[in-house]
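Peer 1:
Protein chains in written order, with the working numbering: chain V, 119 to 229; chain A, 8 to 127.
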């Protein structure tokens with residue numbers, strides 16, 4: 119079964135750095151497909167945060183960065199702020215599904 | 008500015024049908040890869056369906072054979088026809104655009120979503 123695995127939750131204090139992992143498989147990341155990340159603040163529409171593994175759309179602070187290596191990807195957030203408290207999702211394409219795939223989501227709590 | 012506005016959600020009984028619409032402005036639906044993504048209450052995101060600019064369509068296994076994605080060029084609108092609805096189809100349904108001719112790309116922008124509740 120094709121899945122993208124994320125930790126259910128992560129936390130950090132204001133100013134700290136946190137990372138969110140996303141583990142895929144040979145039919146998505148391992149096949150060369152990119153990872154994309156979304157931020158969903160409570161009660162709002164998902165917002166594109168990182169595309170093409172490490173690119174930030176206009177307006178996204180450089181505190182957010184992404185990377186991918188092999189069958190794993192990660193999102194890093196530095197200088198954590200209270201407004202970063204949200205759900206974060208990774209997404210990729212899966213060749214065995216012939217469609218997109220989302221990770222289960224990670225809830226970030228800023229302590 | 009690109010804008011996507013969904014409509015058509017509501018309360019429907021199990022086994023019933025519903026058609027969702029996604030009216031687009033600032034982009035031409037027939038020239039873009041467009042998708043539907045859903046989110047069950049308190050749950051994560053789930054990709055539902057994709058239509059290529061050329062018209063090819065793809066579906067998640069969970070909806071294959073029950074849902075149909077389509078578009079109306081004259082209305083610049085994307086649709087999702089949902090048949091044989093089940094309780095597990097209850098979700099907010101979002102339409103979203105993919106990058107030009109990139110089926111493996113990211114979703115941006117997203118519409119505001121429309122809630123579908125399947126319950127007796």
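All C-beta atoms in this analysis are idealised placements derived from N, C-alpha and C, irrespective of residue type, glycine included. Nothing here was measured: the structure is a model prediction, and the numbers come from that model.
Quick one: any contact between the region 15-25 of chain A and the region 142-159 of chain V, if contact means 3 or more CB pairs under 8 Å?
Peer 2: no
Peer 1: Note the first and the last residue of the continuous beta strand (DSSP E) segment covering residue 103 of chain A.
Peer 2: 98-104
Peer 1: Out of V:195, V:210 and V:223, which has the shortest C-alpha to C-alpha gap to residue 52 of chain A?
Peer 2: Nearest of V:195, V:210 and V:223 to residue 52 of chain A, Cα basis: V:223.
Peer 1: Mapping the DSSP letters down to three states, classify residue 31 of chain A as helix, strand or coil.
Peer 2: strand
Peer 1: When burial is assigned at 16 or more other CB atoms within 10 Å of the CB, is residue 78 of chain A buried or exposed?
Peer 2: Buried, by the Cβ-count rule.
Peer 1: Going by DSSP, which residues form a beta bridge with residue 191 of chain V?
Peer 2: Within the DSSP bridge table, the entry for residue 191 of chain V names V:140 and V:186 as partners.
Peer 1: Using only alpha-carbon positions, find the residue among V:159, V:186, V:203 and V:196 that is nearest to residue 122 of chain V.
Peer 2: Closest by alpha carbon: V:186.
Peer 1: Which partner residues of residue 53 of chain A appear in the DSSP bridge assignment?
Peer 2: According to the DSSP secondary-structure assignment, residue 53 of chain A is paired through a beta bridge with A:45.
Peer 1: What do you reckon, are the CB atoms on residue 192 of chain V and residue 139 of chain V nearer than 8 Å?
Peer 2: Their beta carbons are under 8 Å apart, which means residue 192 of chain V touches residue 139 of chain V by this criterion.
Peer 1: So what's residue 13 of chain A in DSSP terms, helix, strand or just coil?
Peer 2: strand
Peer 1: Tell me whether residue 68 of chain A sits in a helix, a strand or coil according to DSSP, three-state version.
Peer 2: coil
Peer 1: If I measure Cβ to Cβ from residue 124 of chain A and keep anything under 6 Å in the same chain, skipping five residues before and after, which residues do I get?
Peer 2: Contacts found: 18 and 97.
Peer 1: Indicate whether at least one CB of chain V lies closer than 8 Å to the CB of residue 114 of chain A.
Peer 2: yes
Peer 1: Comparing C-alpha positions only, which one of V:190, V:197, V:225 and V:133 sits nearest to residue 149 of chain V?
Peer 2: V:190
Peer 1: Which residues share a DSSP beta bridge with residue 155 of chain V?
Peer 2: BP columns for residue 155 of chain V point to V:168 and V:208.
Peer 1: In terms of residues, what are the limits of the beta strand (DSSP E) holding residue 225 of chain V?
Peer 2: 224-228
Peer 1: Per the contact definition of three or more C-beta pairs closer than 8 Å, is the region 29-46 of chain A in contact with the region 68-87 of chain A?
Peer 2: yes
Peer 1: Can you tell which of V:219, V:176, V:209 and V:225 has the C-alpha that lies nearest to the C-alpha of residue 120 of chain V?
Peer 2: With distances taken between Cα atoms, residue 120 of chain V lies closest to V:219.
Peer 1: Can you name, in chain order, every residue of its own chain whose Cβ lies under 8 Å from the Cβ of residue 141 of chain A, other than the five neighbours on each side?
Peer 2: The structure shown does not extend to residue 141 of chain A, since chain A is modelled only from 8 through 127, so no value can be given for it.
Peer 1: Using CA atoms only, rank isn't needed, just tell me which of A:72, A:115, A:127 and A:126 is closest to residue 174 of chain V.
Peer 2: A:115
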